[in-house]
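Participant: Residue numbers (the UniProt record's numbering): 1 to 735.
Positions of the beta carbon are idealized from the N, C-alpha and C atoms, including for glycine.
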């Protein structure tokens with residue numbers, strides 16, 4: 001076991017891993033192992049029906065990280081019993097079968113026909129116990145970091161814990177990802193966006209004011225520290241308003257929790273909004289968006305996700321084929337994606353066209369505002385569409401802003417606050433990537449693997465509810481393990497942005513989008529991008545027959561206008577015009593924008609009507625054998641474009657060599673290094689696509705049993721619980 005601090009807890013030999021749903025001829029024989037980090041299946045048998053596997057350096061081909069386990073079901077065929085195993089539960093029968101339901105939609109199944117019955121029972125109980133820890137400090141990251149501090153010479157894959165990690169993906173810049181843990185990271189971001197009337201505030205150093213804000217955040221220069229301390233008592237969680245981003249026109253994006261002190265509410269709100277106005281070069285107005293009133297709440301998003309999971313994983317395709325699209329619609333998942341994209345686009349319009357600062361208001365200011373603030377910045381700022389920029393955005397708006405990863409991802413399996421907001425954000429970004437592929441440096445594989453990485457308990461990035469919790473819990477852990485911290489604020493955990501911990505430099509090339517047009521790319525001529533130009537004729541034809549409210553995919557709502565009780569200060573006259581005029585001006589902005597060629601390094605806006613919002617198949621269908629298209633899917637285009645991009649790079653190198661009239665400049669290794677995962681075999685490469693390509697690439701659904709029935713009863717009958725995959729009430733319990 002390659003990961004430091006990993007120990008084997010229990011194991012059983014002569015286990016069969018089921019591969020196909022209708023036959024046992026492909027099953028693999030091996031050893032099932034439970035460690036304090038993952039569930040492993042070790043076999044000498046080659047994987048059948050599979051010609052490719054994307055290797056994770058931390059996880060083997062058959063491994064499941066413990067934090068990715070959703071539910072464990074043990075079955076005894078002869079006694080016709082099943083049991084959902086919780087932590088510290090007893091098992092009164094010897095299991096003949098173990099089914100593991102994973103949070104990434106996988107279902108893995110093992111048979112114990114030839115294994116020792118007591119050993120099989122012990123390994124099932126060990127998996128149930130270790131995958132459902134009762135305390136945060138029992139998560140594997142703590143064990144790993146404890147080992148690192150006691151044995152500084154040992155490093156997993158030779159990498160130190162902590163640190164920002166470069167793009168680490170073979171990016172030309174080799175930039176580090178800013179973690180926004182320091183004063184200087186925030187100061188650099190202020191300078192990058194030209195927010196000259198804003199300052200980094202250190203009033204929360206040592207988390208003296210709020211435990212759910214970072215130590216450093218950005219506030220209007222006109223607000224003194226003393227005022228901030230005073231105002232903080234009035235906000236929920238003492239979460240004072242904090243700056244996220246500045247538009248070149250001076251408009252700011254600000255996040256703010258609700259004011260709980262009703263008597264002081266108007267006065268404090270007035271002071272904050274006045275300070276934001278003074279930070280605008282044109283002294284422009286402030287527009288407040290109450291996210292709790294115009295976006296779905298975390299419970300609704302969780303219910304939609306459970307329904308989506310049931311549809312993608314549990315229902316046999318042959319039973320749902322005819323009504324599949326209506327079933328998908330009934331999950332409301334795509335409706336919520338559409339709402340987030342639409343609302344973010346409307347706020348982009350406010351900043352871009354109306355030149356007003358936007359305040360995102362939410363009860364605690366650490367859920368919906370993470371998603372909305374991030375989407376607005378992805379649409380407005382091309383830096384956040386690069387790999388390093390996108391990673392810095394997640395650090396700034398999610399990790400440091402106190403998004404509750406521990407509760408929302410339910411790492412301890414006992415949270416009633418579970419909700420996949422981070423997945424919904426990645427899905428929204430995928431929609432934009434799908435619509436504007438040349439605008440993003442990263443690929444959909446990168447987004448999918450990023451989603452998976454939130455389920456690996458080695459990384460501190462997605463483990464905690466806020467930065468203070470990391471410091472507090474890791475300091476307690478250090479004291480209990482006799483680790484000397486020195487001047488460090490808590491232990492340093494491995495950072496997910498150190499991609500070399502998980503993948504080889506070759507495999508990391510899959511993160512690169514071959515369609516991406518960098519800033520200096522020659523394909524942009526006179527400001528027009530030829531390949532993306534849309535004619536007026538094409539544009540207008542897409543609008544025919546669409547109800548007026550849905551034109552351009554922007555649904556006009558009375559809701560968009562300020563409500564009577566909302567605090568919008570010193571409004572310009574056109575804010576107070578009738579709803580129709582306001583929505584018309586916004587509608588016209590979207591109409592004009594969509595009619596022009598896309599500036600890949602400017603604003604990008606989502607198309608959200610009808611079929612423009614799609615199901616992210618790579619993420620949700622990759623483990624479903626029936627949904628796999630051999631030699632098909634987007635990857636075939638990705639492969640072709642990669643070869644073309646590689647040929648263009650070759651030509652550029654040849655051209656530089658020709659112009660310099662000398663042997664190739666630079667080191668050979670640098671010249672040999674392609675940006676592409678798929679490489680051309682010289683110019684005019686006519687070779688076909690590799691045989692292993694499928695719509696699930698780089699993942700493989702082989703051995704993931706989405707359609708297996710238990711004891712002749714369709715699995716879907718058991719998979720109708722609202723919050724868990726198998727409802728314990730419907731299972732014939734052992735008692």
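1. Determine the DSSP secondary structure at residue 362, reduced to helix, strand or coil.
2. How close, in whole Å, do the beta carbons of residue 683 and residue 647 come, if the pair is a contact with beta carbons under 8 Å?
3. For residue 16, list the residues DSSP reports as bridge partners.
4. With burial defined as no fewer than 16 other Cβ atoms inside 10 Å of the residue's Cβ, what is the status of residue 173: buried or exposed?
5. Under DSSP, the beta strand (DSSP E) around residue 603 begins and ends at which residues?
6. Within the continuous alpha helix (DSSP H) that includes residue 117, where are the two ends?
7. For residue 30, which option in 201, 21 and 110 has the closest C-alpha, if you only look at C-alpha atoms?
8. Which term fits residue 522, buried or exposed, when burial requires 16 or more other beta carbons within 10 angstroms of its beta carbon?
9. Could you say if the segment 250-270 and the segment 231-240 meet the contact criterion of at least three C-beta pairs nearer than 8 Å?
10. Under a Cβ-count criterion, where at least 16 other Cβ atoms within 10 Å of its own Cβ denotes burial, should residue 476 be classed as buried or exposed?
11. Rounded to the nearest angstrom, how far is the Cβ of residue 294 from that of residue 247, given a contact under 8 Å?
12. So is residue 7 buried or exposed if we call it buried at 16+ other beta carbons inside 10 Å?
13. From residue 63 to residue 56, what distance separates their C-alpha atoms?
14. Would you kindly report the start and end of the unbroken alpha helix (DSSP H) that includes residue 431?
15. So, for residue 519: in the same chain, excluding its five sequence neighbours on each side, which residues have a beta-carbon less than 7 Å away from its beta-carbon?
16. Can you tell me where the alpha helix (DSSP H) holding residue 444 begins and where it ends?
17. In its own chain, which residues sit with a C-beta less than 6 Å from the C-beta of residue 713, not counting the 5 before and 5 after it?
18. Give the list of continuous alpha helix (DSSP H) stretches no shorter than 4 residues that lie fully inside the segment 329-361.
19. So for residue 61, helix, strand or coil by DSSP?
20. Give me the Cβ distance between residue 675 and residue 512, rounded to the nearest whole Å; I'm assuming they're in contact under 8 Å.
21. For the alpha helix (DSSP H) containing residue 187, name the first residue and the last one.
22. Indicate the three-state DSSP secondary structure (helix, strand or coil) for residue 384 in the structure shown.
23. What does the Cβ neighbour count give for residue 103, buried or exposed, with the cut at 16 atoms within 10 Å?
24. From this set, 199, 209 and 229, which residue's C-alpha is nearest residue 222's C-alpha?
25. Residues in its own chain within less than 6 Å of residue 28 by CB, not counting five upstream and five downstream?
26. Mind the definition here: the segment 378-398 touches the segment 599-613 only if three or more C-beta pairs lie below 8 Å; say whether that holds.
27. According to DSSP, simplified to helix, strand and coil, what is residue 102?
28. Touch check for the segment 460-477 and the segment 70-80: three-plus C-beta pairs under 8 Å?
29. For residue 631, which of 688, 190, 472 and 608 has the nearest alpha-carbon?
30. Would you kindly report the start and end of the unbroken beta strand (DSSP E) that includes residue 256?
31. Taking the C-alpha atoms as reference points, what is the distance between residue 422 and residue 367?
32. Closest by CA to residue 420, which one among 389, 487, 336 and 431?
33. Do residue 67 and residue 457 count as a contact pair if the criterion is CB distance below 9 Å?
34. Report yes if the C-beta distance between residue 228 and residue 400 is below 9 Å; otherwise report no.
35. Please classify residue 660 as buried or exposed, where buried requires at least 16 other C-beta atoms within 10 Å of its C-beta.
36. Check each candidate in 252, 359, 203 and 390 and name the one with the smallest Cα separation from residue 230.
Facilitator: In short, the structure shows the following:
1. If DSSP states are grouped into helix, strand and coil, residue 362 belongs with the strands.
2. Residue 647 and residue 683 do touch by the CB rule: their CB atoms are close to 6 Å apart, below 8 Å.
3. DSSP output for residue 16 lists 29 and 111 as bridge partner(s).
4. Residue placement at residue 173 cannot be trusted, given a pLDDT of 46 that sits under 50; what the coordinates show is reported in the next sentence. Here residue 173 is exposed. Its C-beta has fewer than 16 other C-beta atoms within 10 Å.
5. In the DSSP annotation of this structure, residue 603 is not part of any beta strand (DSSP E), being labelled neither H nor E.
6. Segment 117-130, the alpha helix (DSSP H) holding residue 117.
7. Comparing Cα positions, the closest option is 110.
8. Per-residue confidence for residue 522 stands at a pLDDT of 37, beneath the threshold of 50, marking its modelled position as unreliable; the derived number appears in the next sentence. Counting of Cβ neighbours within 10 angstroms places residue 522 among the exposed residues, the total staying below 16.
9. Contact between the segment 250-270 and the segment 231-240 is present, because at least three Cβ pairs lie under 8 Å.
10. Residue 476 sits exposed, since fewer than 16 C-beta atoms from the chains shown fall within 10 Å of its C-beta.
11. That pair is no contact at about 21 Å.
12. With fewer than 16 other Cβ atoms within 10 Å, it is exposed.
13. The straight-line gap from Cα to Cα measures roughly 10 Å.
14. Judged by DSSP secondary structure, residue 431 falls within the alpha helix (DSSP H) whose first and last residues are 421-435.
15. Counting only Cβ-Cβ distances below 7 Å, and skipping sequence neighbours, we find 601.
16. That run of the alpha helix (DSSP H) goes 444-453.
17. The predicted model places residue 713 with a pLDDT of 35, which falls under 50 and marks its position as unreliable; any figure quoted below should be read in that light. Cβ within range, chain order: n/a, list empty.
18. If only uninterrupted alpha helix (DSSP H) runs of at least 4 residues are considered, those enclosed by the segment 329-361 are 333-352.
19. Here residue 61 sits in coil by DSSP.
20. Confirmed, about 6 Å.
21. Counted as a single uninterrupted DSSP element, the alpha helix (DSSP H) harbouring residue 187 occupies residues 183-193.
22. DSSP places residue 384 in helix when its eight states are reduced to three.
23. Flag for residue 103 reads buried.
24. Measuring from the Cα of residue 222, the nearest candidate turns out to be 199.
25. Contacts found: 17, 43 and 45.
26. Segments in contact, yes.
27. In the structure shown, residue 102 falls within a strand segment according to DSSP collapsed to helix, strand and coil.
28. Using a Cβ-Cβ distance cut-off of 8 Å, the segment 460-477 and the segment 70-80 are not in contact, since fewer than three pairs of beta carbons, one from each stretch, lie closer than that value.
29. Comparing Cα-Cα distances from residue 631 to each of 688, 190, 472 and 608, the minimum goes to 688.
30. From DSSP, the beta strand (DSSP E) with residue 256 extends over 252-257.
31. Taking the straight line from one Cα to the other gives about 9 Å.
32. Nearest Cα to residue 420 within the set 389, 487, 336 and 431: 336.
33. Yes, the Cβ-Cβ distance between residue 457 and residue 67 is below 9 Å.
34. Not a contact, by the Cβ cut-off of 9 Å.
35. Its Cβ having fewer than 16 others within 10 Å, residue 660 is exposed.
36. Comparing Cα positions, the closest option is 203.
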